[in-house]
RNA sequence: GCCGCGUUCGUCUAGUUGGCCCAGGACGUAAGAUUUUCAUUCUUAAAAUCGCGGGUUCGAAUCCCGCACGCGGUACCA
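In our numbering, the protein residues as written are -6 to 498.
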């Protein structure tokens, strides 16, 4: 039975790279008929941000990434929040010490800092490892009774992993193959902090083991510490049930280099967060995909293809199709630069798939927000007609407004281009035609386009676009006569009259 | 510095066992068609000496070695 987990730290809003990690875990679980769980890794009390956990749950819910177990839905392996599991970790740390895999260290942050400074002064770096541990204050160098005494006195200590010297540790990564590192270069990582909380490394291994996780799919930033994790499984004697690892490539900035960071989003004009985030401390607001009007399916599809592809030329996939097609072996090894244009394209594609009724409802909301008087009952018709030129819901009002309110000003450039001095005469003729000819599409088409414009050798582009300026305010929009039919005779004539009176060339 | 990972059109990528690749698709860009306009749509084009340099081979993007560059890690953060 496949069991995977998404294990974010509640230190702020969920980054879009984290969302992708969650998505890949989800796709992998579903594809293999396994379980997906959400575990909150809040072992760093100093970085805890209120609301972050709720944000994570809400964001993933919005995107349709569902969990079988987790902090918000419960489950047989709970609790799923590491702070709620706090009492459990000390025992494991002590077991490691008892078995000789770890030791107590009493070095203060200041003394550690001094060692680092001293090393730096000699152009070296200090690392707490097999070469230095015997010159530090720990249970390896202190007499046993002294260690006992300090512990009994309640002196602050940490538990460090005692990396065996000179062993090659190989991590079998599902995406990268074998990655080998020598323990000589690895440092004695703190497993248990002086505040009584475990570090990521300890908590992660203990919980993954206890929760019977079979596959760990996480960001590439964890690859360097993967050997430590492998060693921990060995030290605990859990190597036979050790999960398989997959380290995902990072999401990079669109320009330049480097990891996509929280600041890049608004600077570059696209969100890096799924949902808008209001920082409780600074009050700073970061935009979110949802608030920008992105459809969750578009975000999911776009994210899925950033670092993975089905091996075919298919690019548009529903969540179900992604589940069906997903294959961790097809995840690429190199980092992917985030591309805003592609994100917009996905959004446009998915917006087009929306029901006319759905789009109409969105439009209706915006119309109500802008127009005081009621009386426009063709919202659905407008939605049908205008949908294809919309990417985001928020564009609805701006591109459709002339269906609901008459223009109050006329685009100067368009006027200069299309409204010739004799246009007042032609527009007056348009009014006459509308007034006398039966108000039907074909009849007006015949009278205006065929008989008047073509019959008199006038320029179609000039006259029709001037009419458009009069009715719309500028030279954009759908078929002119369709628009006129929708607005009705009176409203159209009113608008043309006003244009004649207002526009001076 | 040290360790690790990576490197195919501007971007995301196809290319899994070397020949069907003088490298395919998509986004974006350009041109054209359609539309009375704009957008949509459609067609076409430009765009990668496969990071560089060696090698192996009849033949390499694909295998080997070296180098360069980028990124990640190097915290009592995750």
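We put the CB at the ideal spot given by N, CA and C, even for glycine.
Closest by C-alpha distance to residue i, when choosing among the options
i, options, result
"residue 103", "84, 96, 130", "130"
"residue 423", "456, 324, 313", "456"
"residue 290", "57, -4, 40", "57"
"residue 36", "66, 82, -4", "82"
"residue 65", "86, 32, 76, 91", "32"
"residue -3", "23, 377, 11, 113", "23"
"residue 284", "270, 205, 400, 155", "270"
"residue 405", "454, 27, 413", "413"
"residue 396", "295, 127, 359", "359"
"residue 398", "410, 378, 379, 364", "364"
"residue 462", "27, 495, 296, 117", "495"
"residue 427", "483, 376, 458", "483"
"residue 186", "136, 312, 216, 38", "38"
"residue 311", "334, 296, 321, 387", "296"
"residue 150", "140, 158, 156, 157", "140"
"residue 489", "-5, 469, 96, 459", "459"
"residue 497", "418, 116, 138", "418"
Residue j beta carbon less than 8 Å from that of residue i
i, j, result
"residue 531", "residue 292", "This structure cannot speak to residue 531, because the chain is shown only from -6 to 498."
"residue 445", "residue 474", "no"
"residue 172", "residue 166", "yes"
"residue 298", "residue 10", "no"
"residue 190", "residue 330", "no"
"residue 40", "residue 14", "no"
"residue 237", "residue 207", "yes"
"residue 86", "residue 152", "yes"
"residue 119", "residue 126", "no"
"residue 68", "residue 30", "yes"
"residue 6", "residue 279", "yes"
"residue 70", "residue 203", "yes"
"residue 96", "residue 28", "no"
"residue 261", "residue 247", "yes"
"residue 385", "residue 336", "no"
Cβ-based neighbour list, residue i, same chain, cut-off 7 Å, excluding 5 preceding and 5 following
i, result
"residue 430", "436, 437, 440"
"residue 51", "268"
"residue 43", "273"
"residue 169", "240, 326"
"residue 242", "213, 300, 325, 326, 327, 328, 329"
"residue 383", "344, 389, 392"
"residue 466", "395, 400, 402, 403, 404"
"residue 302", "323"
DSSP-derived helix/strand/coil call for residue i
i, result
"residue 173", "strand"
"residue 209", "strand"
"residue 95", "strand"
"residue 26", "coil"
"residue 154", "strand"
"residue 34", "coil"
"residue 63", "strand"
"residue 238", "strand"
"residue 275", "coil"
"residue 166", "strand"
"residue 181", "coil"
"residue 494", "helix"
"residue 399", "coil"
"residue 286", "coil"
"residue 324", "strand"
"residue 266", "strand"
"residue 217", "helix"
"residue 70", "coil"
"residue 302", "coil"
"residue 247", "coil"
Residues of its chain near residue i, where Cβ-Cβ distance is below 6 Å and the 5 sequence neighbours each way are ignored
i, result
"residue 76", "35"
"residue 73", "32, 63, 64"
"residue 380", "352"
"residue 17", "210"
"residue 46", "3, 33"
Assumed close pair residue i, residue j - CB separation to whole angstroms, cut-off 8 Å
i, j, result
"residue 420", "residue 492", "7 Å"
"residue 479", "residue 371", "6 Å"
"residue 221", "residue 179", "6 Å"
"residue 223", "residue 265", "Contact flag wrong, Cβ pair sits at about 32 Å."
"residue 287", "residue 340", "5 Å"
"residue 468", "residue 415", "That pair is no contact at about 18 Å."
"residue 373", "residue 334", "About 31 Å; that fails the 8 Å criterion."
Close beta carbons around residue i, own chain, < 8 Å, minus the five adjacent residues each side
i, result
"residue 92", "228"
"residue 160", "175, 176"
"residue 322", "167, 168"
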